[in-house]
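Below: one structure, written as structure tokens.
Residue numbers (the working numbering), protein chains in the order written: chain G, 1286 to 1619; chain W, 14 to 367.
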């Protein structure tokens, strides 16, 4: 799991540029599912055929990043955000472009740090002038954070655990289930552009037309000093989502998920995420509506280059999906 | 066969808990109390209650969908503190100022009465009284110890206002969730009126779910029904002191008929014309913004649905004492029934020609 996670979090894949992630996952799942396909937006869909209801499980592949908007005459690069980025966490960070060009973030002189905005910042790639900058980057190029994954005890600190942790969970669950008969058809969808408004899951769910849907993503915690009120802690088990900004999970689905976890002795927590949403949102509103749930990996410092999660939670999230998919889901839920 | 009156019907449905995403109890009671008024009913994957009253005559029948949301704003337990108090968040848009001192019901392992606590004025810091309390400082007290709370309640449990229905003077009635059970009352009145009328159109009355969190139920139910005409029934700001006249409609002067970007102008015109012919009082209700009600979700479903919006004037929106006038609900029900009996192929096709 550590090797897979390291490979996934260190790869380059801001929203709309998920190619490298897709190729890693394709290599992992080819041969253990019946079909692997990529749709028009770039969602990777791994299909396990068979009997039973159609179950869609989505994990988004994309990460937050930046996009080049302007290159000035001195070779400094202005940028905008891809997904939710706070200017305050950019200071001192490094950004890498698809061609390997590295940059760091600088900012204009400010009288008050409170005035810091992305528009007051720039990327410095060390170019001596505009022409040499343009040899390395172009307007429209996309950059990602540049960080190695670090494992320390049970914990991992890395960029883009949101949501490569979820991708790793889903790959692991598919591997566990390989060669086993289960009473469900599984559409494991590695989605694109979640960070820009849950876009990939919307079109994939329309095409898959599932009977029941799930997503796996990260969620916040309430276990750091003076944290917001949230009854989720690192290391106490994956969460079963109750509510976020885009979904109230189906009561019967989440109750069933909790029953399965209890039966298998897998620790779990209930999650209410006050701000933010995940792929379950568009999935449950697809066509005539889809009863849906979600599992999340508790993660601190989400949307920074140093997100932190507990490996046990990630392992247990995979175990919970395996246990759920072994159940007759149409009889249990529909 | 439904033999009860409007007041009794409303009392029974507003007494049920139905926070967004948890509307099953309301759906069950509404279906039971309206039995005999429709030909068939089903509940879809998200919990929308879809009641069909078939039209007569040769197929194909025009399909008209009425939608009123049955969900309500409420609270959800986010954390159980060691002392037994319950930390909460909102489901839908709740004005925190109305919460302290309110009686609520906690739907834990069993139904528990609770109160929303507040800091006594005597021990508040200077100026504290001038500000509304923050979500972090709000909690529900059900009189439980920490152990009891953990035994009986879990994160994600629903809490609703405990307010029982109140009959005010005249035809005025107050209670929780008149937004938008009053709209369900309009469908009840409409179906009662249609019982004695002949209509060609198939009528789908949908009590929708999850309107308060983003018109979600109307999105999926409209996709499934594919109506030729959709009419959302919701509540509008009734006249009350402190709400400007230009933002409100008058109580007991008939339902508001919306005109605006979410509304098909020909449906607006037809509703106004029928009201005028039959001397049913109505009020023109300009709705400059498209979002906020099921009408928006219906309008943009599939390839686009010609949509209307009828609003019941309501005072004190999103409080536990939402107040309506029963006469406005009766008028809206009758108006929609008269609209439905006049629906034919020619009119429906005309809606597609601008």
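By construction, the Cβ of each residue, glycine as well, lies at the ideal position given by its N, Cα and C atoms. A quick note: this is a predicted structure, and the numbers were derived from the prediction, not measured.
*Between the Cα of residue 1491 of chain G and the Cα atoms of G:1587, G:1508, G:1570, G:1415, which residue gives the shortest distance?*
Nearest of G:1587, G:1508, G:1570, G:1415 to residue 1491 of chain G, Cα basis: G:1570.
*Is the beta carbon of residue 44 of chain W sitting closer than 7 Å to the one on residue 1514 of chain G?*
The Cβ atoms of residue 44 of chain W and residue 1514 of chain G lie no closer than 7 Å to each other.
*Using a Cβ-Cβ cut-off of 6 Å (strictly less than) and excluding sequence neighbours within five positions of residue 162 of chain W, which residues of its own chain qualify?*
If we look at residue 162 of chain W and ignore the five residues flanking it on each side, its Cβ neighbours are 93, 97.
*Taking the alpha carbon of residue 1313 of chain G as the point to measure from, which residue in G:1419, G:1378, G:1463, G:1336 has its own alpha carbon closest?*
Among G:1419, G:1378, G:1463, G:1336, the Cα nearest to that of residue 1313 of chain G is on G:1463.
*Which residue or residues does DSSP assign as beta-bridge partners of residue 271 of chain W?*
In the DSSP output, where bridge partners are listed per residue, residue 271 of chain W has W:298.
*Indicate whether residue 1350 of chain G and residue 1428 of chain G have their beta-carbon atoms separated by less than 7 Å.*
Cβ atoms of residue 1350 of chain G and residue 1428 of chain G: closer than 7 Å.
*Is residue 1573 of chain G close to chain W, meaning its C-beta is less than 7 Å from at least one C-beta of that chain?*
When Cβ-Cβ separations below 7 Å define contact, residue 1573 of chain G makes contact with chain W.
*asked:* Quick check on the DSSP output: what are the complete alpha helix (DSSP H) runs of length 4 or more inside the segment 1493-1533 of chain G, in order along the chain?
replied: Segments of the alpha helix (DSSP H) lying fully in the segment 1493-1533 of chain G: there are none.
*residue 1557 of chain G touches chain W at which residues, Cβ-Cβ below 7 Å?*
Ordered by position in chain W, the residues that pass the 7 Å Cβ test against residue 1557 of chain G are 89, 91, 102, 168, 169.
*Taking all protein chains shown into account, decide if residue 320 of chain W is buried (16 or more other Cβ within 10 angstroms of its Cβ) or exposed.*
Under this definition residue 320 of chain W is a buried residue.
*Do you know offhand how far residue 1338 of chain G's Cα is from residue 1547 of chain G's?*
The alpha-carbon separation between residue 1338 of chain G and residue 1547 of chain G amounts to approximately 23 Å.
*Give me the Cα-Cα distance between residue 1523 of chain G and residue 88 of chain W, rounded to the nearest whole angstrom.*
Those two C-alpha atoms are separated by around 24 Å.
*By Cβ distance below 7 Å, which residues in the same chain neighbour residue 1292 of chain G in space, the five residues on each side in sequence not counted?*
The residues are 1309.
*asked:* Distance check for residue 170 of chain W and residue 1529 of chain G, CA to CA, integer angstroms please.
replied: Separation of residue 1529 of chain G and residue 170 of chain W (C-alpha to C-alpha, rounded to the nearest whole angstrom) is 14 Å.
*asked:* Tell me which residues share the same chain as residue 1260 of chain G and place their Cβ nearer than 7 Å to its Cβ, disregarding the 5 neighbours each side in the sequence.
replied: Because chain G here runs from 1286 to 1619, residue 1260 of chain G falls outside it and cannot be looked at.
*Below-7 Å beta-carbon distance, residue 259 of chain W vs any chain G residue*: Chain G contact via Cβ: absent.
*Near residue 27 of chain W, which residues of its chain fall below 7 Å by C-beta distance, leaving aside the five closest residues on each side in sequence?*
Excluding five sequence positions before and after residue 27 of chain W, the CB atoms of its chain that fall closer than 7 Å to its own CB belong to 178, 188, 189, 190, 191, 194, given in chain order.
_Rounded straight-line distance, which links the Cα of residue 112 of chain W to that of residue 351 of chain W_ = One C-alpha to the other measures close to 41 Å.
*Exposed or buried, residue 366 of chain W, counting other C-beta atoms within 10 Å across all chains shown (16 or more means buried)?*
With fewer than 16 Cβ atoms within 10 Å of its Cβ, residue 366 of chain W is classed as exposed.
*Helix or strand or just coil, what does DSSP make of residue 1366 of chain G?*
Of the three classes helix, strand and coil, the one that applies to residue 1366 of chain G here is strand, per DSSP.
*Alpha-carbon spacing of residue 325 of chain W relative to residue 1461 of chain G, whole angstroms*: Going from the Cα of residue 325 of chain W to the Cα of residue 1461 of chain G covers about 56 Å.
*Rounded separation between residue 1610 of chain G and residue 1318 of chain G - CA only*: Cα-Cα distance, rounded: 14 Å.
*At 9 Å on the CB atoms, spell out the chain W contacts of residue 1509 of chain G, in chain order.*
Within 9 Å Cβ-Cβ: nothing; residue 1509 of chain G doesn't reach chain W, min ~15 Å.
*asked:* Checking 7 Å against the spacing of the C-beta atoms, do residue 1451 of chain G and residue 1502 of chain G come in under that value?
replied: With contacts defined as CB atoms closer than 7 Å, residue 1451 of chain G and residue 1502 of chain G qualify as a contacting pair.
*Who are the near neighbours of residue 1241 of chain G in its chain, counting only those whose CB is closer than 6 Å to its CB and skipping five residues on each side?*
Not covered by the structure: residue 1241 of chain G. The range shown for chain G is 1286 to 1619.
*Among the residues of its own chain, which have a CB less than 7 Å from the CB of residue 1361 of chain G, if the five just before and after it don't count?*
A distance below 7 Å between beta-carbons, with the five flanking residues on each side excluded, links residue 1361 of chain G to the following residues of its chain, in chain order: 1407, 1409.
*Proximal residues, the segment 1501-1533 of chain G versus chain W, C-beta separation under 8 Å*: Here the close residues are 1507, 1513, 1514, 1515, 1516, 1527, 1528, 1531, 1533.
*What did DSSP end up calling residue 328 of chain W once you bin it into helix, strand or coil?*
Strand.
*Please work out which residues of its chain come closer than 6 Å, Cβ to Cβ, to residue 148 of chain W, disregarding the five sequence neighbours upstream and downstream, and give them in chain order.*
Here the set comprises nothing.
_With the cut-off set at 7 Å, would you say residue 1470 of chain G and residue 1334 of chain G are in Cβ contact?_
Result yes, Cβ atoms of residue 1470 of chain G and residue 1334 of chain G sit closer than 7 Å.
*Given that a residue counts as buried once 16 or more other Cβ atoms are within 10 Å of its Cβ, and exposed if not, what is residue 48 of chain W?*
Classification of residue 48 of chain W: exposed, given that the 10 Å Cβ count is below 16.
*What is the rounded straight-line gap between the Cα of residue 175 of chain W and the Cα of residue 197 of chain W?*
Taking C-alpha positions only, residue 175 of chain W is separated from residue 197 of chain W by approximately 20 Å.
*Mind pulling the chain G residues with CB within less than 8 Å of residue 226 of chain W?*
1533, listed in chain order.
*Use the C-beta contact count for residue 304 of chain W: other C-beta atoms within 10 angstroms, 16 or more gives buried, fewer gives exposed.*
By the Cβ neighbour-count rule, residue 304 of chain W is exposed, with fewer than 16 other Cβ atoms within 10 Å of its own.
*asked:* For the ligand HEM, is there any heavy atom lying closer than 6 Å to the beta carbon of residue 1618 of chain G?
replied: This structure lacks the ligand HEM; in fact it carries no ligand of any kind.
*residue 207 of chain W vs residue 288 of chain W beta-carbon contact at 7 Å*: For residue 207 of chain W and residue 288 of chain W, no; Cβs fall outside 7 Å.
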